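K.L.:
I am attaching a structure below and will ask some questions about it afterwards.
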Amino acid sequence: MDQPVPATAAAGVATRPWLLEIENLHVHFVTSRGVVRAVEGVSYKVKPGEVVALVGESGCGKSVSSLAVMRLLAKPAGRVVHGRILFEGRDLLTLPDDEMRAIRGRDIAMIFQEPMTSLNPVLTIGFQIMEPLLIHLNMTEAQARTRAVELLTLVGIPDPDRRLDQYPHQFSGGMRQRVMIAIGLACNPKLIIADEPTTALDVTIQAQILELMKKLSRELNIALVVITHNLGIVARYADRVNVMYAARLAETGRAADVFAQPLHPYTAGLLRSVPRLDQPRGRMLETIEGLPPNLLEPPPGCRFAPRCRARQDACVAAVPELEDVMPDRHSACIRAREMAEVGAIGLGLQSAQPESPVAKNLDRTKPLLQVDRLKTYFDVTTGFKAFGARKSLVRAVDDLSIKIYRGETVGLVGESGCGKTTVGRTLLRLERATSGNIQFDGIDVVSAEGDELKAYRRKVQVIFQDPYSSLNPRMTIGQIIAEPMLVYKLVADRKEAQARVKDLLTQVGLFEYMAERYPHELSGGQRQRVGIARALAMEPEFIICDEPVSALDVSIQAQIINLLEELQQKFNLTFLFIAHDLAVVRHISNRVIVMYLGKVMEIADRDALYANPLHPYTQALLEAVPIPDPALEAQRVHKVIGGEVPSPLNPPAGCVFHTRCPRATDECKKGVPELKEVQPGHYAACIKI
4 MDQPVPATAA AGVATRPWLL EIENLHVHFV TSRGVVRAVE GVSYKVKPGE
54 VVALVGESGC GKSVSSLAVM RLLAKPAGRV VHGRILFEGR DLLTLPDDEM
104 RAIRGRDIAM IFQEPMTSLN PVLTIGFQIM EPLLIHLNMT EAQARTRAVE
154 LLTLVGIPDP DRRLDQYPHQ FSGGMRQRVM IAIGLACNPK LIIADEPTTA
204 LDVTIQAQIL ELMKKLSREL NIALVVITHN LGIVARYADR VNVMYAARLA
254 ETGRAADVFA QPLHPYTAGL LRSVPRLDQP RGRMLETIEG LPPNLLEPPP
304 GCRFAPRCRA RQDACVAAVP ELEDVMPDRH SACIRAREMA EVGAIGLGLQ
354 SAQPESPVAK NLDRTKPLLQ VDRLKTYFDV TTGFKAFGAR KSLVRAVDDL
404 SIKIYRGETV GLVGESGCGK TTVGRTLLRL ERATSGNIQF DGIDVVSAEG
454 DELKAYRRKV QVIFQDPYSS LNPRMTIGQI IAEPMLVYKL VADRKEAQAR
504 VKDLLTQVGL FEYMAERYPH ELSGGQRQRV GIARALAMEP EFIICDEPVS
554 ALDVSIQAQI INLLEELQQK FNLTFLFIAH DLAVVRHISN RVIVMYLGKV
604 MEIADRDALY ANPLHPYTQA LLEAVPIPDP ALEAQRVHKV IGGEVPSPLN
654 PPAGCVFHTR CPRATDECKK GVPELKEVQP GHYAACIKI
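Just so you know, we're using the working numbering here: the sequence shown kicks off at 4 and counts up by one.
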C-alpha cells in the first residue's frame, strides 16, 4: 500500500547515504522570565537501518531536538531560530503544513515516553492503530483492521483480533508501549524516533521491547533514534551515540568507541556514575558533582566547566566547538586530544582502583523489624452492579516473612505489580494487613493504635518515588521540613524549627537559603534531597525507600545513593530499599528479597544472590539487565524472558511464575513451592532446586 515514488526522486534517495541530517539546529523557548536556549548548534546524521542514541541528563535538549524534527514544538513559545533538518534531502522546516502532515506518521513516526498519556483513553486500541492507515495509506476499514491485527501480532500481543476492541486502561504498561510501537510501524516508516521508550517499564519488559525494536529496525531497514539516559540500553542496542549537555553536543561517535574511550569529561562522568553488575562494588559511587546550568543564563565558555574535574582557565574563555579528534569521533573539549592519549584516568576524571566497601558489623541477636507470614489482600469489584458486578481478591502480599537488623539495608526487587510497594505501605500502616505479624523494636505494628501508633510512625519514615507529588506545592521547603517536627513537638518553637531545618538542608547537601523556595523551584534531585531531609527531621530508626532514585538522571542518582549511605553510617539508620534497578540494589543492599506476584521467590545476602542466583526468575531478571559496555554486550547471549506478568486478579495455580518459566513442568502447576533454605542464609521457592 506504499505510495509510488517518482523515478527521479527514487534515484536521488538511493544515492544519499544519510536519511536524516540535522545541521546547526537552534531551538528557543520564549518565557516570561526570558529566552530558554533549549538547543544550540546541534548537528548529527542518521543512516537508513541504523540505531542512533541521544543521551544526556534531563533538560539537555534531547527531546526538544526530536520534537523539532517532527515539527511538534509547542507554539508560539517554542521555535526553531536557525538550522536545517533534511529528510531524504528535503528541509522539513520549510515544508508547507499539509506536506509535513503527510510525512509525519507516514515516513517519520515517534514513540513517546508515556504510553498512557499518548494513547486516547476514550478510543479503542484498534481505532488508534487504524487511524494512520486510513489517513496516510487510504485503506478501507476491512484492510486497516487486517493490517492492525498483523501489527499487534508483530509486536507480540496475544489474541490481537479481540484486543483491538479494548481500551488503553485494559492493557499493562508493557502492552501499551507495544501498541505505541505498532502505531509507529503502521505505515512502514523510514525513521522512528523513540523518546525514552522503556523508562516506565520493568527490566524484563524493557528487554522484550528493545529486542523487538532492534529486530524490526534490521529486518525492515528502519532508522531508529533512541532518546534515553540508560547507558546500558545504549551499549546493547546503539550503533552510534550522541552525548548532549546543556543544549549542546558534547561528544559523538560509534557506541563501542565512546564507551571504550570517552573523549569528553562529561561522557566519562556519566560512565563512572553508573553502578555495574560486571565490576566489583566500590565503597561509594563516583559522581558528577553539581547540577546542569540554567539555560536562561548559561555560564560563559564550556557549559560543563563548573562541574569538570579537568577544567582549565581556557575552558571559560570561549565555547569549544565540536571537532574531529579521531576517525569518526568528535568532541567539544579543549583537552579531548589529551584524553585520547592518557585516558579519563590520566586526567583524574576516574579512579584507577575504587575503594573496596567496608563490611558492616551487624548485631544479629535481635532484629529491629520482624515480619511473620504477612498477607495483605484487597477486595476488588469489577463491572457495574446493574450488569452483575463481580468481587475478586487481589493477593498483593502473600505470606512474606523477613527479619531486618539495625543498621542493615535490605533490597526488595521485582517487576511492577509484584507487591513491593504494598509491603512498604503495610509496614507504614498505610494499609491494613489481612493476617500475619509485624514486630518493630517491641511494638506490635498490626494492632498498634493511638499513642503507640503515633510513636511508631515517628520511628519509621518513608522516602517516596516521586519527589514532586509527595511535596506540598503551596508550602516552602522550610515549612515542609518543619511541619512534622512541630506536630510531634520535637522542637520548642518555630525559631528552633527553622534552625533545625537549616541544619537538615546542610546535611543532605542543599543550601540554607533553599528553605525559602517552593518545590517547583528545585530540580528533581534537589526535591528528592528535601524528601530525605523531611524523613530525617523525625529522627527515625528505620526508613522505607520506595524507588527513591528511579526518576532521577544517572549522575544525580549516584549522588542520592551516596548520600543515603553516608546518612546511614552517621545516624545508624536501617533501610528497606524498594527498587527495580538491580545494579543500584546490588550497590546499596546487604541482603536482597526477590518478589513476583505477591510471593517471595528468593532471599539471600547480596553477594550470594548476584554471584549464584538460584531461582529462574532471579536469573531472568539479572540476564535482562544491560551492561554499559558494548564489547561485553556483544559477547552476551541475550535470553529474553517471554510473556507478561499475569493479572493479580487471576494468578496462575501452583507456582505463580510457571507461565513464564523456561524450566516449568506440569508439576509446577500443582502446588505452591515453599520458601526453603537451600544454602546457609540463601532461600528459594522452586521445586526444581
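Ideal Cβ positions, reconstructed from N, Cα and C, are used throughout, including at glycine.
If you're wondering where the values come from, they're calculated on a predicted model, not measured in any experiment.
Please state the DSSP three-state secondary structure of residue 29.
P.N.:
Reduced to three states, the DSSP call for residue 29 is strand.
K.L.:
Taking C-beta to C-beta, are residue 307 and residue 249 nearer than 9 Å?
P.N.:
Result yes, Cβ atoms of residue 307 and residue 249 sit closer than 9 Å.
K.L.:
Where do the ends of the alpha helix (DSSP H) carrying residue 334 lie?
P.N.:
Per DSSP, residue 334 belongs to no alpha helix (DSSP H); it is in the beta strand (DSSP E), 332 to 334.
K.L.:
What whole-angstrom Cβ distance do residue 304 and residue 319 have, given they're in contact under 8 Å?
P.N.:
With a Cβ gap of about 4 Å, residue 304 and residue 319 count as contacting.
K.L.:
What first and last residue would you give for the alpha helix (DSSP H) that runs through residue 462?
P.N.:
Element bounds for residue 462: 453 to 462.
K.L.:
Assess, as a yes-or-no matter, whether the region 432 to 442 is touched by the region 364 to 374 under the definition of 3 or more beta carbon pairs within less than 8 Å.
P.N.:
Yes: at least three Cβ pairs fall under 8 Å.
K.L.:
For residue 685, name the three-state secondary structure that DSSP assigns.
P.N.:
If DSSP states are grouped into helix, strand and coil, residue 685 belongs with the strands.
K.L.:
Are residue 674 and residue 657 touching if we call contact CB-CB under 9 Å?
P.N.:
Taking 9 Å as the Cβ cut-off, residue 674 and residue 657 qualify as a contacting pair.
K.L.:
Looking at the structure shown, is residue 471 part of a helix, part of a strand, or coil, going by DSSP?
P.N.:
Reduced to three states, the DSSP call for residue 471 is coil.
K.L.:
Quick one, which of 406, 430, 334 has its alpha-carbon nearest residue 378's?
P.N.:
Cα-wise, what sits closest to residue 378 is 430.
K.L.:
So, for residue 13: in the same chain, excluding its five sequence neighbours on each side, which residues have a beta-carbon less than 6 Å away from its beta-carbon?
P.N.:
Caution applies to residue 13, whose pLDDT of 37 falls short of 50 and renders its modelled position unreliable; the value that the coordinates give is listed next. Cβ within range, chain order: n/a, list empty.
K.L.:
Verify whether the separation of the beta carbon atoms of residue 262 and residue 226 is less than 9 Å.
P.N.:
Result no, Cβ atoms of residue 262 and residue 226 do not sit closer than 9 Å.
K.L.:
Near residue 279, what residues of its chain come up, given a Cβ to Cβ distance below 7 Å and the 5 sequence neighbours on each side ignored?
P.N.:
Hits under 7 Å: 586, 630, 631.
K.L.:
Residue range of the beta strand (DSSP E) that residue 607 falls in?
P.N.:
Segment 602 to 608, the beta strand (DSSP E) holding residue 607.
K.L.:
Between the region 617 to 624 and the region 220 to 234, are three or more C-beta pairs nearer than 8 Å?
P.N.:
No, the region 617 to 624 is not in contact with the region 220 to 234.
K.L.:
Can you give the beta carbon distance from residue 89 to residue 50, rounded, assuming they're within the 8 Å contact cut?
P.N.:
About 13 Å separates the two Cβ atoms, so there is no contact after all.
K.L.:
Less than 9 Å separating the beta-carbons of residue 365 and residue 564?
P.N.:
Their beta carbons are not under 9 Å apart, which means residue 365 does not touch residue 564 by this criterion.
K.L.:
Could you spell out where the alpha helix (DSSP H) holding residue 431 opens and where it closes?
P.N.:
Careful: residue 431 lies outside any alpha helix (DSSP H) and carries neither H nor E.
K.L.:
Pair every Cβ in the region 484 to 502 with every Cβ in the region 558 to 578, then say whether three or more of these pairs are closer than 8 Å.
P.N.:
In short, these stretches do not touch, since the Cβ pair count stays below three.
K.L.:
When you compare only the Cα positions, how much space is there between residue 479 and residue 531?
P.N.:
Each residue's alpha carbon lies about 15 Å from the other.
K.L.:
Can you give me the C-alpha to C-alpha distance between residue 420 and residue 601, rounded to a whole angstrom?
P.N.:
If I take the Cα positions, the gap works out to 8 Å.
K.L.:
Any idea what DSSP makes of residue 618, helix, strand or coil?
P.N.:
In the structure shown, residue 618 sits in coil (DSSP, three-state: anything other than H, G, I, E or B).
K.L.:
Pick from 259, 240, 271, 264: whose alpha carbon is nearest that of residue 247?
P.N.:
Per the Cα distances, 271.
K.L.:
Checking the sheet assignment: what are the DSSP bridge partners for residue 329?
P.N.:
DSSP output for residue 329 lists 332 as bridge partner(s).
K.L.:
Look at the alpha carbon of residue 705 and the alpha carbon of residue 559, and state the distance between them as a whole number of angstroms.
P.N.:
Residue 705 is absent from the model: the chain starts at 4 and stops at 692.
K.L.:
Report buried or exposed for residue 348, applying the criterion of at least 16 other Cβ atoms within 10 angstroms of its Cβ.
P.N.:
Per the 10 Å Cβ criterion, exposed.
K.L.:
Looking at the strands, I want to know which residues DSSP matches up with residue 546.
P.N.:
464, 578.
K.L.:
Could you work out which residue in 138, 453, 326, 648 is closest to residue 177 when comparing CA atoms only?
P.N.:
Checked all of 138, 453, 326, 648; the closest Cα to residue 177 is 648.
K.L.:
Could you tell me whether the Cβ atoms of residue 449 and residue 538 are closer together than 9 Å?
P.N.:
It is not a contact, given that the beta carbons lie outside the stated cut-off.
K.L.:
Taking just the CA atoms, how far does residue 411 sit from residue 593?
P.N.:
If I take the Cα positions, the gap works out to 6 Å.
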